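Note that my numbering has the sequence shown beginning at 129, numbered continuously upward.
Heads up, the beta-carbon is just placed ideally off N, CA and C, and yes, glycines get one too.
Only a predicted model underlies this, so the values are computations on that prediction, with no experimental measurement involved.
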Amino acid sequence: MNPEETHFELIVIGSGPAGRRAAVQAAKARKTVLVVEKGQRVGGVSVHTGTIPSKTLRETVLNLSGWRERGFYGQSWRAKNNITADDLLDRLHKTLNHEVEILEHQFARNQVKTFCGQAAFISPNAIEVVDEHLSITHFTADRFIICVGTRPWRPDYIPFDGVNILDSDEILGLKTLPHSLTVIGAGVIGTEYATIFSALDVSVTLVDPGREILPFVDRELIDEFVHELRDRGIQMRLGCAVDKVEVTEGGQVLTTLANKRSIRTDMALYAAGRTGSTDDLGLENCGLEAIERGKISVDQKSFQTSVPHIYAVGDVIGFPSLASTSMEQGRIAACHAFGIEAHEPPAFFPYGIYAVPEISTIGMTEEEVVERNIPYECGIARFRETSRGHIMGLKSGFLKMIFSLESRRLLGVHIVGEGATELIHIGQAVLNLKGTLEYFVENTFNYPTLAEGYKIAALDAWNRMPREQPSAAPLKNLQDELESKKAAG
Numbered sequence: 129m130n131p132e133e134t135h136f137e138l139i140v141i142g143s144g145p146a147g148r149r150a151a152v153q154a155a156k157a158r159k160t161v162l163v164v165e166k167g168q169r170v171g172g173v174s175v176h177t178g179t180i181p182s183k184t185l186r187e188t189v190l191n192l193s194g195w196r197e198r199g200f201y202g203q204s205w206r207a208k209n210n211i212t213a214d215d216l217l218d219r220l221h222k223t224l225n226h227e228v229e230i231l232e233h234q235f236a237r238n239q240v241k242t243f244c245g246q247a248a249f250i251s252p253n254a255i256e257v258v259d260e261h262l263s264i265t266h267f268t269a270d271r272f273i274i275c276v277g278t279r280p281w282r283p284d285y286i287p288f289d290g291v292n293i294l295d296s297d298e299i300l301g302l303k304t305l306p307h308s309l310t311v312i313g314a315g316v317i318g319t320e321y322a323t324i325f326s327a328l329d330v331s332v333t334l335v336d337p338g339r340e341i342l343p344f345v346d347r348e349l350i351d352e353f354v355h356e357l358r359d360r361g362i363q364m365r366l367g368c369a370v371d372k373v374e375v376t377e378g379g380q381v382l383t384t385l386a387n388k389r390s391i392r393t394d395m396a397l398y399a400a401g402r403t404g405s406t407d408d409l410g411l412e413n414c415g416l417e418a419i420e421r422g423k424i425s426v427d428q429k430s431f432q433t434s435v436p437h438i439y440a441v442g443d444v445i446g447f448p449s450l451a452s453t454s455m456e457q458g459r460i461a462a463c464h465a466f467g468i469e470a471h472e473p474p475a476f477f478p479y480g481i482y483a484v485p486e487i488s489t490i491g492m493t494e495e496e497v498v499e500r501n502i503p504y505e506c507g508i509a510r511f512r513e514t515s516r517g518h519i520m521g522l523k524s525g526f527l528k529m530i531f532s533l534e535s536r537r538l539l540g541v542h543i544v545g546e547g548a549t550e551l552i553h554i555g556q557a558v559l560n561l562k563g564t565l566e567y568f569v570e571n572t573f574n575y576p577t578l579a580e581g582y583k584i585a586a587l588d589a590w591n592r593m594p595r596e597q598p599s600a601a602p603l604k605n606l607q608d609e610l611e612s613k614k615a616a617g
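Given below as structure tokens:
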């Protein structure tokens, strides 16, 4: 970038999924765009410490541990007997380099300028950027989009040392694999890492003050998931907060719970929440103020902040904090900023949890349907009942669909098991296109596939449902129900 290029129509702070999509969207509208990334390479949290690294680590573990073949060859079968931390990190670094190269090419192709350094507002329309050499460069812009992401929450009572007690960023730089691990936090990140390390035959204890893990997921799905985790030997200490974490003289980590129970492991991973990376943004200089845990408050339709020419998108604005939804937020924010019509995404989007096994869900849970007093019926297909499941050696996993009894509309799809995050998109299409049970019953699915489970689950529900066709009135009532859910967020 030439030194004289200091003013842009849009400056995007952060180059993760939200920043990437926002920058490219604006560039395609022929706007001058600068992306400022505080890391040494573009990609943001998603590429370097979040989505891509954790999912790459998961895939590497499943491959090297022979996890997917154990149904045929037994628990002791491995693709590599002596798996080391270097084995895991080698594939990780190759994948991340590839992702960065793709992103750099995408920016170059769309004539998006990039600059690496820590950005901070010095006025509502100006920022200063401090690079790795401590040089300061000033930029101005007509509009800004903040998408700086989040970082692990590090409470004062946890003595992080980067060796025995780590956060979810530090775990990616692991030097040696532990024999035992305590994971504090049974949310999405904690559950993912707990199950990934369990697949490596690491003894894992999962701790959380809540009495349920992943409370936003359909309970029947979680019951199945928890049963499998316990069957694999994962210990769960739920409903009790952590009182103290310390490293003993022998080098072990001693985790003491509020009920005085203690857990001794080689290592502890703290994964209980994240905070917005807004501390060094100088928000006070542009008229903004961060709310709880560093988040930025925005209008949920346009992603505009209280300062009209400044937008915020991605994890820094809070729920749902998904790479997929962050991309759409970036697109919508860029369009709104320049007066370009942007189609609002459908109310329902898929949620993917890359644990072992995977979980993916879309639409209403059974608990939500009951709460809304919607007459319904469920259908379930277990992967072991499908021919493809037999071929793959699957012993667990199932697909659940929920249908309205009045309109026969699909209300929700919930999957746990191999390929859940891929399979969910069939249900997503039918749900957002307002399809009914008949779609699954009347259509043909490739055989043998796990997707055949949709037909099995639909027939399971059909066998217990009235045979008469839906009337127009109940369909309208269901539409009103779905629209009210959308309005409620």
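Item: Same chain, Cβ closer than 7 Å to E232, five either side skipped, listed in chain order; Value: V170
Item: Of the residues G167, D329 and T223, the one placed nearest N209, counting alpha carbons only; Value: D329
Item: Alpha-carbon to alpha-carbon, V161 and D427; Value: 23 Å
Item: Buried/exposed call for D346, threshold 16 Cβ in 10 Å; Value: buried
Item: Selected residue, minimal CA-CA separation from I350, among G315, F325 and K372; Value: G315
Item: Endpoints, alpha helix (DSSP H) assigned at C414; Value: Counting along the chain, C414 falls outside any alpha helix (DSSP H), and DSSP gives it neither H nor E.
Item: K604, buried or exposed, once every other Cβ within 10 Å from all chains shown has been counted against 16; Value: Caution applies to K604, whose pLDDT of 47 falls short of 50 and renders its modelled position unreliable; the value that the coordinates give is listed next. Answer is exposed; the Cβ neighbour count stays below 16.
Item: Spatial distance of A483 from A254 (CA atoms); Value: 42 Å
Item: Segments of 3+ residues assigned as beta strand (DSSP E) that fall wholly inside the stretch 301-360; Value: 308-312 and 331-336
Item: Residues bridged to W527 (per DSSP); Value: One point to set straight first is that residue 527 is Leu, not Trp, in the sequence displayed. Paired residues: A509 and I543.
Item: Inter-residue Cα distance where the pair is P594 and I530; Value: 15 Å
Item: Span of the beta strand (DSSP E), counted from its first residue to its last, around T406; Value: Careful: T406 lies outside any beta strand (DSSP E) and carries neither H nor E.
Item: Best match in S535, S524, Q556 and I293 for proximity to V544 [C-alpha to C-alpha]; Value: S524
Item: Limits of the unbroken beta strand (DSSP E) element including F447; Value: No beta strand (DSSP E) contains F447, which DSSP labels as neither H nor E.
Item: Cβ contact (3+ pairs, closer than 8 Å) linking the stretch 357-371 and the stretch 550-565; Value: no
Item: DSSP-derived helix/strand/coil call for A369; Value: coil
Item: DSSP state of Q432 mapped onto helix, strand, coil; Value: strand
Item: Three-way DSSP call (helix, strand, coil) for V291 in this model; Value: coil
Item: Distance between beta carbons of L409 and F249, contact taken as under 8 Å; Value: 6 Å
Item: Per DSSP, the bridge partner or partners of G491; Value: G540
Item: Length-filtered (4 minimum) alpha helix (DSSP H) runs lying within the stretch 133-206; Value: 145-156, 172-176, 179-192 and 198-201
Item: Contacting residues, own chain, Cβ-Cβ under 8 Å from P287 (five flanking each side not counted); Value: I293, V373, E374 and V375
Item: Coil, strand or helix - S532 by DSSP; Value: strand
Item: Distance between H261 and P343 (C-alpha atoms, nearest Å); Value: 45 Å
Item: C-alpha distance - D336 paired with I312, whole-angstrom precision; Value: 6 Å
Item: Run of the alpha helix (DSSP H) containing F565, from where it starts to where it stops; Value: Just to set this straight, residue 565 is Leu in the shown sequence, not Phe. Per DSSP, L565 belongs to the alpha helix (DSSP H) from L565 to E570.
Item: V332 burial status per 10 Å Cβ neighbour count (16 or more: buried); Value: buried
Item: Rounded straight-line distance, which links the Cα of G422 to that of R148; Value: 21 Å
Item: Outcome for I299 when other beta-carbon atoms lying within 10 angstroms are tallied against a minimum of 16; Value: buried
Item: Start and end residues, beta strand (DSSP E) containing H518; Value: Segment S515 to M520 is the alpha helix (DSSP H) holding H518; no beta strand (DSSP E) there.
Item: Cα-Cα separation, A418 to L185; Value: 33 Å
Item: Extent of the continuous beta strand (DSSP E) run through G581; Value: Looking at the DSSP string, G581 is not in any beta strand (DSSP E); the run it does join, the alpha helix (DSSP H), is E580 to W590.
Item: Cβ separation of A79 and A369, assumed to be a contact under 8 Å, to the nearest whole Å; Value: Any answer about residue 79 is impossible in this case: the structure gives the chain only from 129 up to 617.
Item: Residues that E486 bridges to, as DSSP identifies them; Value: E486 pairs with nothing; no bridge assigned.
Item: Start and end residues, alpha helix (DSSP H) containing D215; Value: A213 to R237
Item: Residue closest to T268, alpha-carbon to alpha-carbon, out of G517, F477, P283 and A247; Value: A247
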